[in-house]
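Start counting the sequence shown at 109; every next residue gets the next number (the working numbering).
Beta carbons are placed, not taken as given, at the ideal position from N, Cα and C, and that holds for glycine.
Below is one structure, written out as structure tokens; comments come after it.
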Amino acid sequence: MNSKWMLTGVSSVLALTLLMPTANADTLSELQQEKQKTEQKQNELNSGISEKSVEMNQNQSTLESIMAKIQELENQMQETQSKINGVQGEIDQTIVEIDELKKSIEELERKIAERTELLQERARAIQLSGGSVDYIDVLLGANSFVDFIDRFSAVNTLIDADREIMNEQAEDKKLLGEKKAQVETKLAQQEERRAELVDLKTSLDGQKAKQSGLVKDLKAEQERLAKEKTTLVQQRDEAIDVSAELETKIANEQARLAELARKAEEERLRKLAAERAAAEKAAAEKAAAERVAAERAAAERAAAEKVAADKAASQKAASNSEASSAPVASSTPAPAPTPAPAYSAPEPAVSVNASSGFIRPAAGRYTSKFGWRDIGSGPEFHQGVDIANSKGTAIVAAANGFVSYAGSMGGYGNVVIITHSINGQTHATVYAHLNSIGVSVGQQVSQGQNIGGMGNTGRSFGDHLHFEIHVGPWNGGRTNAVNPASYVSL
């Protein structure tokens, strides 16, 4: 009766203990929902910040492109101005050359005028003498041969002088025309080139002014985007602070669940101990009863043997009285009673926590270890291990415990967190990137029980399970994360 009453009482206490997490699960669920909303807002703010950063980068890229264009225009303007200055120098040099040409032209014009005057004088002289000078008459009028030679030389000199004057006059007039045309052409080309360069400089000035206006607008836009980004960053930081506060609340709720899990584990162990004690007592009582029965049977057997011996002795005495000559029979000793079996205590049950208390949560390939790694965005601490397999592969609880979280959580994607009490120590296990979740917050789960399916949700690059073990309640950080490879075979 006492054993039966004890088992009934232990079962009632255990049932009440197991029902208590359900009442607290509502509070934790509300906190988790609030945390999800905060994380959603944080993700939206992060998305807004990223968009602003992209816009600012694009704006900055456009601004740099325009600044480069302005610098290019500035270089072109400087080059054009240098060309204008060079052309102006050439024009100035051309003006000097023109001045020299004008002086040369004036000199030519003066010579031409003098020759023209000389030729006109000769023409008047010939006209006054009544006609042209007959050089044959001059030669034939010589008084002697010597006079003829002198006259011939004089006539040749006059003819050569006239010819030279005429040639010079023709050449100077031609040269005068060429120089005038050269000066006019060169001056026109320089002026035309200068006008083109001035127009180019004016165009470049206009482009620079337009680009400068764009730069001003872009800088104003950049300032606006920077202010908006700063506002979003402040809002995100505030959201992060709230999220940290919620994480603390969730951690506290997990601590309560861990306490309940610890008490449940104690009750389970007490129940096992009570059952073991009851079994041992029943075994002892059975052994004692068997021993008493054996002793009673032995006594009865001994009594029966004594009666039989007494009867045999009486028969022998009668036989002896009838035949005194008959030999005396030797008495046979009664057989020794069979000893009762010795009591043997039952073997103690093997503890389920004889090793680490955890089992491998999923089948698949061990693809990523615990610790620091770089997956493309810089060094980061990997708080667990990754096990890869096909989508939907069964995920099981690594140990007995209570579900303290089941839902979406940022980079974890769909995640389940279970709180355990193993050998009096609180632990938490995390199962992330799930494709499906098969448990709810506050639910008690057994080791090996299916809790979801493998997936690729959250910050993930393929179907796999991200598995963490924490010594103590899960707190969102790596302060109490341990290497799962030390606890389960991978």
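With DSSP as the reference, label residue i as helix, strand or coil.
| i | result |
| --- | --- |
| residue 563 | strand |
| residue 468 | coil |
| residue 588 | coil |
| residue 283 | helix |
| residue 497 | coil |
| residue 538 | strand |
| residue 482 | strand |
| residue 455 | Only weak support is given to the placement of residue 455: the predicted model assigns it a pLDDT of 37, under 50, and the value that follows is read from those uncertain coordinates. Coil, per DSSP. |
| residue 204 | helix |
| residue 558 | strand |
| residue 155 | helix |
| residue 594 | helix |
| residue 549 | coil |
| residue 582 | coil |
| residue 445 | With a pLDDT of 48 at residue 445, under the threshold of 50, the modelled position of that residue is not reliable, and the figure given next carries that caveat. Residue 445: coil per DSSP, three-state reduction. |
Less than 9 Å between the C-beta atoms of residue i and residue j, yes or no?
| i | j | result |
| --- | --- | --- |
| residue 491 | residue 576 | yes |
| residue 536 | residue 573 | no |
| residue 195 | residue 332 | no |
| residue 560 | residue 503 | yes |
| residue 568 | residue 521 | yes |
| residue 528 | residue 366 | yes |
| residue 514 | residue 530 | no |
| residue 363 | residue 534 | yes |
| residue 468 | residue 597 | yes |
| residue 595 | residue 466 | yes |
| residue 516 | residue 571 | no |
| residue 291 | residue 177 | no |
| residue 477 | residue 359 | no |
| residue 523 | residue 566 | yes |
Along the beta strand (DSSP E) that carries residue i, what are the first and last residues, could you check?
| i | result |
| --- | --- |
| residue 528 | 522-530 |
| residue 543 | 542-545 |
| residue 487 | 487-490 |
| residue 505 | Residue 505 -> no beta strand (DSSP E), and no H or E assigned at all. |
| residue 569 | Here residue 569 belongs to no beta strand (DSSP E), and DSSP marks it neither H nor E. |
| residue 474 | 473-476 |
Any Cβ of chain D within less than 9 Å of the Cβ of residue i?
| i | result |
| --- | --- |
| residue 296 | Any reference to chain D falls outside this structure, which holds one protein chain only. |
Round the Cβ separation of residue i and residue j to the nearest angstrom and send it over; I've been treating them as touching at under 8 Å.
| i | j | result |
| --- | --- | --- |
| residue 549 | residue 511 | 6 Å |
| residue 206 | residue 295 | 6 Å |
| residue 329 | residue 167 | 6 Å |
| residue 319 | residue 181 | 7 Å |
| residue 213 | residue 282 | Actually they do not touch by this definition, with Cβ atoms about 13 Å apart. |
| residue 543 | residue 500 | 6 Å |
| residue 355 | residue 584 | 5 Å |
| residue 306 | residue 199 | About 12 Å separates the two Cβ atoms, so there is no contact after all. |
| residue 509 | residue 369 | 6 Å |
| residue 316 | residue 185 | 7 Å |
| residue 377 | residue 160 | Incorrect: roughly 57 Å between the Cβ atoms, too far for contact. |
| residue 174 | residue 323 | 6 Å |
| residue 203 | residue 280 | Actually they are not in contact, since the Cβ atoms of residue 203 and residue 280 sit about 24 Å apart, beyond 8 Å. |
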